[in-house]
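In what follows, a single structure is set out as structure tokens and then discussed.
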Amino acid sequence: MGWGRNLARLVQGGDIIGLIGELGAGKTCFVRGFAEGLEIGKDAWIRSPSFTLINEYHARLPIYHIDLYRIGERREFEGLNLRDYLYSDGVSLIEWFEKLPETEVDEYLEVRIDHVGGSKRRLTFTGRGERYERMVEELKKIKKLKK
Numbered sequence: 004m005g006w007g008r009n010l011a012r013l014v015q016g017g018d019i020i021g022l023i024g025e026l027g028a029g030k031t032c033f034v035r036g037f038a039e040g041l042e043i044g045k046d047a048w049i050r051s052p053s054f055t056l057i058n059e060y061h062a063r064l065p066i067y068h069i070d071l072y073r074i075g076e077r078r079e080f081e082g083l084n085l086r087d088y089l090y091s092d093g094v095s096l097i098e099w100f101e102k103l104p105e106t107e108v109d110e111y112l113e114v115r116i117d118h119v120g121g122s123k124r125r126l127t128f129t130g131r132g133e134r135y136e137r138m139v140e141e142l143k144k145i146k147k148l149k150k
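Each residue of the sequence shown is one higher than the one before, starting from 4 at the first, in this note's numbering.
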């Protein structure tokens, strides 16, 4: 959750964060930390949008928590009207980001979460586009400060 909180300090409206990881890797836990970092209310219940597909939360910036696990065909994406979320004033966090058609977004921050044993996770941040590359550099600085 700590990296989610750290990332929340760097975002602005319209940012897109793609989350990649196996079932149980910690994608929703990352979103919980991110929401805390965006000063969501203490009573907010951040849950996986596996069945609702999109959960909206109100914090310092709107948070759009999107889950593509159950989406398969192109027309299902079109029915979600994802562009309304992706190109808005909020921050979109997309679980199962690898399922998003490549034509939907050009620039984004990819967060890969790998389970490495026990309760340990390895997070890899990759920026696509200048703004997101700068975010990765800022996250690297935060990591160095924590050592």
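Glycine included, each C-beta is placed from N, C-alpha and C at the ideal position.
Helix, strand or coil: which one does DSSP assign to residue 31?
-> helix
Which partner residues of residue 96 appear in the DSSP bridge assignment?
-> 20 and 68
Secondary structure of residue 115, DSSP reduced to three states = strand
Report the residue from 99, 58 and 95 whose alpha carbon sits nearest the alpha carbon of residue 75.
-> 99
Within 8 angstroms, strictly: CB atoms of residue 56 and residue 70 | yes
Determine the direct distance from the alpha carbon of residue 40 to that of residue 137, and round the result to whole angstroms.
-> 19 angstroms
Just mark residue 18 as buried or exposed, buried being the case when its beta carbon has 16 or more other beta carbons within 10 Å.
-> buried
Does the stretch 100-119 come close enough to the stretch 6-26 to have 3 or more Cβ pairs within less than 8 angstroms?
-> yes
For residue 90, which option in 66, 72, 49 and 32 has the closest C-alpha, if you only look at C-alpha atoms?
-> 66
Touch check for the stretch 120-137 and the stretch 42-50: three-plus C-beta pairs under 8 angstroms?
-> no
Extent of the continuous beta strand (DSSP E) to which residue 84 belongs | Segment: none, residue 84 is in no beta strand (DSSP E) and carries neither H nor E.
Using the beta-carbon count (16 or more within 10 Å), is residue 238 buried or exposed?
-> As displayed, the chain neither begins before 4 nor continues past 150, which places residue 238 out of reach and without an answer.
Spatial neighbours of residue 102 in its chain, beta-carbon cut-off 7 angstroms, leaving aside the 5 residues before and after | 71 and 74
Presumed contact (8 angstroms Cβ cut-off) between residue 135 and residue 112, rounded CB distance | 4 angstroms
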